[in-house]
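These notes are about the structure you will find just below.
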Amino acid sequence: MAMTLNQNFKTVRLGAALTLLGLSFGIGLGVAFGMFEDTFKNFIANGIKAMPAVHDAASKDKIWRYVQRAHFHAAGVGGFSLGLIFLVTMSSLRPKMKSLSAALIGMGSLYPLAWLNMFFMAPSIGREPAHANLVTEIFTFVGVGGLLLGMAILFANLFLDVWADESASTSRSGFQPAE
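Sequential numbering of the sequence shown, starting at 108, is according to our numbering.
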């Protein structure tokens with residue numbers, strides 16, 4: 108008996124939830140730009156004014172770009188990850204591997220938070236220290252590492268049949284050969 112899409116979705120809920128949260132964050136940040144762009148820019152200007160020794164002429168524009176990158180990456184990684192999680196749902200991966208792959212892919216939603224952290228930190232400590240900040244690095248490595256590992260599991264299954272659920276191999280397409 109073939110599993111329905113809803114039954115398959117249950118195995119990827121965590122990854123889908125993380126991905127949808129990340130996508131929502133990206134959209135929300137875009138809305139916030141539209142409504143409160145001056146607030147973002149004033150935050151940067153006030154930080155630079157308070158700590159001029161750690162800034163140069165490019166700081167204002169580069170720090171503004173950090174928060175834009177948080178928005179761009181949240182939307183881009185979120186959309187891409189949603190497509191990957193759909194592939195996980197339809198793959199022949201064993202249920203536990205589907206859950207793992209989807210959760211790892213969903214962790215990619217943490218990467219845009221690295222850019223957001225740099226935006227919040229840079230006005231007070233400078234661009235380079237914000238980039239090298241421990242929280243920034245954790246979000247970067249966990250987000251990118253999770254996404255890449257989740258993709259590796261999915262691709263290994265799609266192209267090499269690794270971790271395939273043997274019971275799903277005949278029922279995956281719903282096609283049963285005539286006897």
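Beta carbons are placed, not taken as given, at the ideal position from N, Cα and C, and that holds for glycine.
On a predicted model such as this, the values are computed, not experimentally measured, just so you know.
inquiry  = Suppose you measure from the CA of Ile260 to the CA of Leu267; what does that come to, to the nearest Å?
reply    = For Ile260 and Leu267, the distance between alpha carbons rounds to 10 Å.
query = If you count every other CB in all the chains shown that lies within 10 Å of the CB of Met214, and 16 or more means buried, which is it?
reply = Result: buried.
ask   = Under 8 Å, do Ala209 and Ile192 count as touching if we go by C-beta distance?
value = Contact check for Ala209 against Ile192 passes: the beta carbons are separated by less than 8 Å.
key: Ile155 versus Ala123 - alpha carbon distance   = Note on geometry: alpha-carbon atoms of Ile155 and Ala123 lie some 39 Å from one another.
ask   = So what does Leu200 bridge to, in DSSP terms?
value = Answer is Ala271, bridged to Leu200.
query = Using the rule of at least 16 other Cβ atoms within 10 Å of the residue's Cβ for burial, across every protein chain shown, is Val138 buried or exposed?
reply = By the 10 Å Cβ count, Val138 comes out exposed.
query = Do you know offhand how far Arg241's Cα is from Pro219's?
reply = Checking the sequence, you will find Leu at residue 241 rather than Arg. The alpha-carbon atoms of Leu241 and Pro219 are separated by roughly 15 Å.
message = Which of the three DSSP states is assigned to Asp163 in this structure?
response = Coil.
Proximity below 8 Å, CB of Asp272 to CB of Ser206 = No; because the gap between Cβ atoms is not below 8 Å, this pair is not in contact.
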